[in-house]
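Below: one structure, written as structure tokens.
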Amino acid sequence: MTFPKNFVWGTAAASYQIEGAAREDGKGPSVWDMLCRKPGAILNGDTGDVATDHYHRYAEDVAILKRFGVQAYRLSVSWPRVLPAGVGQKNEKGLAFYDRLVDALLEAGITPWVTLFHWDFPLELYYRGGWLNRDSAEWFAEYATLVTERLSDRVKHWMTLNEPQVYINGGHLEGRHAPGDQLAMHEVLRAGHNTLRAHGRGVQAIRAAAKQPCRIGYAPASHPKVPASDSPADLEAARRAFFATNQKNVATMSWWLEPVFNGKYPEDGWAFFGADVPHVAQGDLEVIKQPVDFFGINIYSADIVRATPGGGFEKVPFGVGYPRTAFDWPIVPEAMSTTARFCYDRYKLPIVVTENGISCRDTIAADGKVHDTQRIDFTRRYLRELERAIDGGVPIEGYFHWSFIDNFEWAEGYKQRFGLVYCDYPTGKRTPKDSAAWYAEVIRTNGAALHG
Ligand code: IFM
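Just so you know, we're using the working numbering here: the sequence shown kicks off at 39 and counts up by one.
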């Protein structure tokens, strides 16, 4: 059977999406706290003020993870909770929360995987220019050092940034994510360059401050491309489409991968963005290209792509009634196998699926349970494709289901439920869904239950 013996089965969540306690124990505001106060910015005027109240209920949450045999939990640290102004004065109570959480996880036999930045950028630093300011890379390094000094006696798995494409594109170009800006392309690319520099400085800071050997990764979003047929021409077309930088936004791959893994911006993107490309100071690319230990990748939907005459590619429209999630994202399980394959072929780093999951219109049924058969079916299909990639020789070290619990889905507020555990927001009551028990069995059998 395919999943290696030491395969890591995990779940994931992120600070602003679950913690709540937005103004407690000395936490500073983040850009998301700010955006949530802007009329019309978030569906139904929802905010992360309380979210799932994980800040207070973390012990109960860890007990649920333990009950379902989850081996690893991917959490993120809230930068303004530990450094209220982003730099300078640290907040002891904020750091103590992550001590408690990490200790509880370890005591439950669950390995913490810590992401340093999952979008809750300190508001005070936004007022100083945010990612547009070159100093942002140094601010991030200061924060990374603080967290590493505090947690690395217990934490051995680190990720720097989650989905830079999404917070730079959504937050700085489209304005639907925090900080809600709609900047010119040259400014968007400048913010992107600085966040890439922050990644590099973050890796350096973790390595310098870690109290024991550790593994460091990066967790970009993916924009998977799946070939329309088994033909080699379509496969290569999908690969070219996956790595192409050819649209007037930054929701692409190579722009975010080539500097990190190869120390250069992709040539097609550099030509495509023309006068808008960022100023690259001497030494920047060396800083960005730090050796990392694994390639974290978040995988959800995909485009279907076919070859066109002359070596081109084009998207194939989804047919009428094609299966979709509650978010309306097309369900394309082959996204797993092709994305893992393309990333490994090009960068030769072990892969960890740092996010994968589905939003469903879950409800509590008359029997008090949540029968989320669509989530089970989705996850089974995606995991089988992951298995196919492993069979094909791609070293895949782990899988983190997004998400452990329903949570604040950014501009969509609480409408989209991604959890294995249902959260009744008015009361905070947790109800593990059928998928949680199913996933527990997948973990217990190291994947054999996918075929049961
Ligand atoms: O909820 C988000 C997460 O914060 C980042 N990746 C995608 C998820 C689902 O949209």
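Cβ atoms here follow ideal geometry from the backbone N, Cα and C, with glycine treated the same way.
Which term fits Lys471, buried or exposed, when burial requires 16 or more other beta carbons within 10 angstroms of its beta carbon?
Buried: at least 16 other Cβ atoms inside 10 Å.
Beta-carbon within less than 8 Å of Gln454's beta-carbon, same chain only, minus the 5 sequence neighbours each way: which residues are those?
A distance below 8 Å between beta-carbons, with the five flanking residues on each side excluded, links Gln454 to the following residues of its chain, in chain order: Ala364, Phe365, Ser397, Glu447.
Terminal residues of the beta strand (DSSP E) in which Arg468 lies: Its beta strand (DSSP E) spans residues 467-470.
Item to check | Given Asp405 as reference, the closest of Thr469, Thr377, Tyr463, Pro361 once Cα atoms are compared | outcome: Comparing Cα-Cα distances from Asp405 to each of Thr469, Thr377, Tyr463, Pro361, the minimum goes to Thr469.
What are the boundary residues of the beta strand (DSSP E) that includes Cys398?
The continuous stretches of beta strand (DSSP E) do not include Cys398, and DSSP gives it neither H nor E.
As a quick exercise: from Gly485, Gly490, His489, pick the residue whose alpha carbon is nearest that of Pro42. Minimum Cα distance to Pro42 is reached at Gly485.
Compare the Cα-Cα distances from Gly348 to each of Arg239, Ile56, Arg278, Val480 and report the closest residue.
Taking only the C-alpha atoms, the option nearest Gly348 is Arg278.
#### Entry: Complete beta strand (DSSP E) runs within the stretch 325-410 (minimum length 3 residues, chain order)
You should have 332-336, 341-346, 350-353, 389-393.
Worksheet entry | Three-pair Cβ contact test at 8 Å for the stretch 208-220 versus the stretch 291-299 | Output reads no: the stretch 291-299 does not touch the stretch 208-220.
Look at the alpha carbon of Ala248 and the alpha carbon of Gln242, and state the distance between them as a whole number of angstroms. Roughly 10 Å between the two C-alpha positions.
| said: Does the distance between the C-beta of Glu212 and the nearest non-hydrogen atom of the ligand IFM fall short of 6 Å? | reply: Not one heavy atom of the ligand IFM is found less than 6 Å from the C-beta of Glu212.
>> Are the CB atoms of Arg119 and Gly132 within a distance shorter than 7 Å?
In response: Yes. Within cutoff.
Review point. Nearest CA to the CA of Tyr437: which residue from Leu154, Met374, Gln320?
Key: Minimum Cα distance to Tyr437 is reached at Met374.
Answer yes or no: the CB of Asn336 versus the heavy atoms of the ligand IFM, is any distance below 6 Å?
Correct: Asn336 has its Cβ closer than 6 Å to the ligand IFM.
Practice problem: Hey, could you find the ends of the alpha helix (DSSP H) Val46 is sitting in? | Solution: For Val46, there is no enclosing alpha helix (DSSP H); the enclosing beta strand (DSSP E) covers residues 46-50.
Q) Any heavy atom of the ligand IFM closer than 6 Å to the CB of Glu393? A) Within the cutoff, so yes.
Would Val358 be called buried (16 or more neighbouring beta carbons within 10 Å of its own) or exposed? Exposed, by the Cβ-count rule.
| request: Could you check which residue in Ala89, Tyr256, His237, Ala487 has the C-alpha nearest to that of Arg422? | output: Nearest C-alpha to Arg422 among Ala89, Tyr256, His237, Ala487: Ala487.
Margin query: Let me check you understand the geometry: is the CB of Ala52 closer than 6 Å to at least one non-hydrogen atom of the ligand IFM?
Written below: Ala52 Cβ: within cutoff of the ligand IFM.
| query | The beta strand (DSSP E) with Ala257 in it runs from where to where? | reply | Segment 253-257, the beta strand (DSSP E) holding Ala257.
For Ser53, does the three-state DSSP call read helix, strand or coil?
Looking at Ser53 - three-state DSSP - the assignment turns out to be helix.
Cβ atoms of Thr149 and Ala89: under 7 Å apart, would you say? Contact flag unset, no.
Assuming Gly240 contacts Phe178 under a Cβ cut-off of 8 Å, what Cβ separation, rounded to an integer in Å, is found between them?
Going by Cβ atoms, the distance from Gly240 to Phe178 rounds to 5 Å, so yes, they are a contact pair.
Can you tell me which of Trp440, Asp63, Gly307, Trp151 puts its alpha carbon nearest to the alpha carbon of Leu189? Looking at Trp440, Asp63, Gly307, Trp151, the one whose alpha-carbon comes closest to that of Leu189 is Trp151.
*How about Ala475 and Leu458: do their beta carbons lie closer than 7 Å?*
Contact check for Ala475 against Leu458 fails: the beta carbons are separated by 7 Å or more.
Among the residues of its own chain, which have a CB less than 6 Å from the CB of Val354, if the five just before and after it don't count? The answer, listed in chain order, is Ala266, Ile342, Arg344.
For Ala229, which residues of its own chain have a beta-carbon under 8 Å away from its beta-carbon, when the five flanking residues on both sides are left out? If the five residues before and after Ala229 are omitted, its C-beta is found closer than 8 Å to the C-beta atoms of Gly168, Trp169, Leu170, Ile206, His210, Leu221, all from its own chain and listed in chain order.
Which residues mark the beginning and the end of the alpha helix (DSSP H) in which Thr186 is found? Counting along the chain, Thr186 sits inside the alpha helix (DSSP H) bounded by residues 174-189.
query = Taking the Cβ atom as the reference point for each residue, do Gly107 and Ile443 lie within a distance shorter than 7 Å?
reply = Not closer than 7 Å, so no.
Output needed for Leu424: all residues of its chain with C-beta closer than 8 Å, excluding positions within five of it in sequence on either side, in chain order. These residues qualify, in order along the chain: Met374, Ser375, Ala378, Val391, Ile434, Tyr437.
**Prompt:** Could you give the uninterrupted runs of the alpha helix (DSSP H) lying entirely in the stretch 191-275, keeping only those of 4 residues or more?
**Reply:** Counting only runs that start and end inside the stretch 191-275, the alpha helix (DSSP H) elements of at least 4 residues fall at 202-206, 223-247.
- Quick one: is Gln328 buried, meaning 16 or more other Cβ sit within 10 Å of its Cβ, or exposed? Gln328 is buried by the Cβ-count criterion.
Evaluate Glu324 with the Cβ neighbour count: other Cβ atoms within 10 Å of its Cβ, from every protein chain shown; 16 or more gives buried, anything less gives exposed. Answer is exposed; the Cβ neighbour count stays below 16.
**Message:** So if DSSP puts Arg112 in a beta bridge, which residue, or which two residues, is it bridged to?
**Reply:** Residue pairing of Arg112 in beta bridges, as defined by DSSP: Ala50, Trp151.
**Request:** May I ask you to list the residues that DSSP assigns as paired with Val459?
**Result:** The partner list for Val459 (beta bridge, DSSP) reads Ile443, Pro470.
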